[in-house]
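Taking it in order: structure first as structure tokens, then the write-up.
In my numbering, the protein residues as written are 136 to 501.
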């Protein structure tokens with residue numbers, strides 16, 4: 136039976152017409168703080184790209200609403216799943232972008248990693264499908280949008296509000312690390328809020344598996360840890376440094392480190408010191424200091440963050456959100472489509488599911 140399936144799949148692969156389209160480099164929509172990604176791969180890696188197996192879903196099943204913004208890979212729209220009248224977010228990515236090695240690699244990595252994530256404080260990828268020109272990624276809709284916008288409106292957060300967001304982000308990072316991944320691009324722009332004001336960690340385009348230490352220089356310069364600045368290898372403690380910088384930005388309203396001061400001196404061993412404004416409490420300073428140690432092994436563990444006095448004082452009673460998704464959940468129709476999506480030219484290993492197929496399901500999460 137397995138030989139028959141292999142032969143059928145091989146025949147299907149031969150009949151699918153690959154495409155090759157040149158494109159101009161994609162420019163991120165946000166102009167204030169860019170994420171940097173450098174990937175060293177064979178330049179011919181994406182000369183051809185095979186479309187995924189047809190999904191049960193197509194664009195005619197969705198009513199496209201207002202434009203929500205633009206991520207690293209494409210436009211995001213509010214959408215209504217017409218058969219069940221459920222609201223979701225629909226990301227549209229041009230297939231021509233897959234000819235660009237870096238963005239093609241990052242998009243595939245984001246889909247692969249997010250398809251395995253299931254946590255109340257992480258944006259849920261519901262399913263994906265395609266047509267002739269685009270890939271579509273269906274995600275849960277976070278009504279309040281980016282946490283960055285709220286931070287800019289308020290200027291800075293009080294201790295109780297900042298501690299709530301930090302605690303929920305910490306929970307999300309603990310889960311990400313338990314899945315053997317590093318986020319690598321932690322910042323307010325990559326944190327969304329649902330209608331109840333709960334944190335939803337998003338944008339896994341720069342995330343990687345933690346099977347070994349990494350040396351790729353990527354992320355947002357204001358959040359670069361000393362290892363990246365000095366060109367050294369790093370591990371998941373990179374996210375702990377990012378959490379400390381994120382906490383400072385919540386409490387102060389700005390990032391503590393200016394990349395222009397240390398970026399030209401990558402080999403400089405001078406300590407990257409954080410200067411605190413007078414209004415940040417001593418407990419808040421201690422929390423940040425323990426996360427931003429120069430030596431990665433000395434940084435406070437994420438599990439210890441939840442027991443820190445600053446968190447215990449201001450966010451002790453912050454509970455998990457109810458349910459993993461407010462609007463709807465769509466089960467991935469066929470695992471083979473995901474396997475086919477990463478069959479060739481993938482820089483990460485796909486963790487196979489035990490079951491061959493998932494039955495599609497729709498439900499309101501109470």
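Quick reminder that beta carbons are idealized off the backbone N, C-alpha and C, glycines included.
In the DSSP assignment, residue 305 falls within the unbroken alpha helix (DSSP H) covering 294 to 313. Counting only residues of its own chain and dropping the five nearest sequence neighbours on each side, residue 412 has a CB closer than 6 Å to the CB of 387. Relative to the Cα of residue 221, the nearest Cα in the group 236, 228 and 199 belongs to 199. One Cα belongs to residue 367, the other to residue 250, and the distance between them is close to 30 Å.
The C-beta distance from residue 213 to residue 276 rounds to 7 Å, short enough to fall under 8 Å.
By the criterion of a C-beta distance shorter than 8 Å, residue 333 is surrounded in its chain by 255, 256, 303 and 456, once the five residues flanking it on both sides are discounted. Less than 7 Å separates the beta-carbon of residue 292 from that of residue 385. Counting only the Cα atoms, residue 248 lies some 33 Å from residue 444. Following the DSSP letters along the chain, one finds residue 204 inside the beta strand (DSSP E) bounded by residues 197 to 205. With fewer than three CB-CB distances shorter than 8 Å, the segment 356 to 370 does not count as touching the segment 413 to 421. Distances from the CA of residue 343 to each of 370, 273 and 324 were compared; the closest alpha carbon is that of 370. In this structure, DSSP gives residue 214 an extended state, which the three-state scheme calls strand. In this model, residue 258 and residue 433 are separated by some 30 Å (Cα to Cα). Between residue 382 and residue 301, the gap from beta carbon to beta carbon is short of 7 Å. If you keep only unbroken alpha helix (DSSP H) runs of at least 4 residues inside the segment 334 to 367, you get 361 to 364. For residue 331 and residue 279, the gap between their C-alpha atoms comes out near 8 Å. Look at residue 330 here: in three-state DSSP terms it is coil, with no helix or strand label. The alpha-carbon of residue 449 is positioned some 9 Å away from that of residue 297. Residue 282 and residue 267 have their C-alpha atoms spaced approximately 34 Å apart. Excluding sequence positions up to five before and after residue 363, its CB lies within less than 6 Å of the CB of 352, all in the same chain and listed in chain order. The three-state reading of DSSP puts residue 316 in strand, counting E and B together. Relative to residue 305, the option among 290, 376 and 409 whose CA is nearest is 376. Residue pairing of residue 265 in beta bridges, as defined by DSSP: 270. Straight through space, the alpha carbons of residue 328 and residue 235 are spaced by roughly 31 Å.
Contact annotation, residue 228 with residue 204: C-beta distance approximately 14 Å; criterion of less than 8 Å not satisfied.
Nearest in C-alpha terms to residue 325, of all of 396, 317 and 335, is 335. Taking the Cα positions, residue 424 is about 11 Å away from residue 410. Contact check for residue 308 against residue 437 passes: the beta carbons are separated by less than 7 Å. DSSP places residue 224 within a strand segment (E or B) once states are collapsed to three. Distances from the CA of residue 315 to each of 192, 374, 219 and 238 were compared; the closest alpha carbon is that of 374. Of the residues assessed, residue 430 falls on the exposed side of the cut-off, its CB having fewer than 16 other CB atoms within 10 angstroms.
Between residue 202 and residue 264, the C-beta gap is not smaller than 7 Å, which leaves the two residues out of contact.
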